[in-house]
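Working notes, structure below.
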Amino acid sequence: MVRSVRTVEEYLHYLEGKGFHLHEDAIGFIFFGKHYTNASDELINTAIELTLKAQRGFDGSFYVSLLETLISNKIITRKDALKFVREKELLAI
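Each residue of the sequence shown is one higher than the one before, counting from 2 in this note's numbering.
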């Protein structure tokens, strides 16, 4: 579970501790998406989590697309993001 107050950097370290080793290109996509969308750390972390669950790994284009979809639908919190993807059946989680 993602703690909403965790920074992106802290979340990446948390994932590393859980065995998810993201390559530099993946980390580049994560921070590109953060700056491109100006999303909060909570939403970035949620998009990372959903990407890993849906793709069974990190797919940068999927992550950026998901993040853009959440932002364009004015999704701000993790709770709202999870509700949104379930209601829209965007992901099978």
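Backbone N, C-alpha and C define an ideal beta-carbon position, used for all residues, glycine too.
In this text, all values refer to a predicted model and were calculated from it rather than measured experimentally.
Item, Value
"Segment limits, alpha helix (DSSP H) that includes residue 60", "No alpha helix (DSSP H) contains residue 60, which DSSP labels as neither H nor E."
"Start and end residues, alpha helix (DSSP H) containing residue 38", "25-38"
"Assigned exposure category for residue 45 - 16 Cβ within 10 Å defines buried", "buried"
"Other residues of its chain near residue 55: CB distance less than 6 Å, five sequence neighbours each side excluded", "92"
"Continuous alpha helix (DSSP H) stretch holding residue 85: start and end", "79-88"
"Reduced DSSP secondary structure (H/G/I, E/B, other) of residue 93", "coil"
"Rounded separation between residue 21 and residue 14 - CA only", "9 Å"
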